[in-house]
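In our numbering, the protein residues as written are 8 to 136.
What follows is a single structure, written as structure tokens, with notes after it.
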């Protein structure tokens with residue numbers, strides 16, 4: 008299954024898997040070309056999927072490179088940060104984490120867009136858009 012992204016780095020990140028995430032681990036939410044730092048706050052599984060919920064972190068830019076590709080950030084947890092949930096199929100050899108959401112009407116998890124890389128926090132803003 009392909010993943011639409013405008014960034015080679017994000018495409019490569021989306022192919023990496025962390026097979027044993029735990030609460031407190033870093034996470035990188037992958038967008039079209041941007042990336043957002045987050046923290047794993049919950050991990051669970053059912054018969055078919057393993058799930059992780061991540062919460063966006065505060066990312067403070069600490070370099071002086073202005074609108075540069077080279078960006079450095081300092082990360083701190085944001086207890087009020089937005090949360091997102093991702094899942095991977097337990098039988099999928101690729102082990103990629105894909106976005107999902109809980110349908111309030113059916114009580115079932117549905118696939119959504121987005122990917123996450125677990126195990127590392129990374130923030131990146133693409134100034135070319």
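Glycine is no exception: its CB is placed at the ideal position from the N, C-alpha and C atoms.
Alpha carbon of residue i to alpha carbon of residue j, nearest angstrom
| i | j | result |
| --- | --- | --- |
| residue 78 | residue 34 | 17 Å |
| residue 48 | residue 64 | 11 Å |
| residue 123 | residue 91 | 10 Å |
| residue 72 | residue 81 | 15 Å |
Exposure of residue i, with buried meaning 16 or more beta-carbon neighbours within 10 Å
| i | result |
| --- | --- |
| residue 118 | exposed |
| residue 16 | exposed |
| residue 93 | buried |
| residue 86 | exposed |
| residue 32 | buried |
Which of helix, strand or coil DSSP assigns to residue i
| i | result |
| --- | --- |
| residue 109 | strand |
| residue 125 | strand |
| residue 61 | strand |
Proximity of residue i and residue j at Cβ, strictly below 9 Å
| i | j | result |
| --- | --- | --- |
| residue 69 | residue 46 | no |
| residue 44 | residue 129 | yes |
| residue 114 | residue 28 | no |
| residue 97 | residue 57 | yes |
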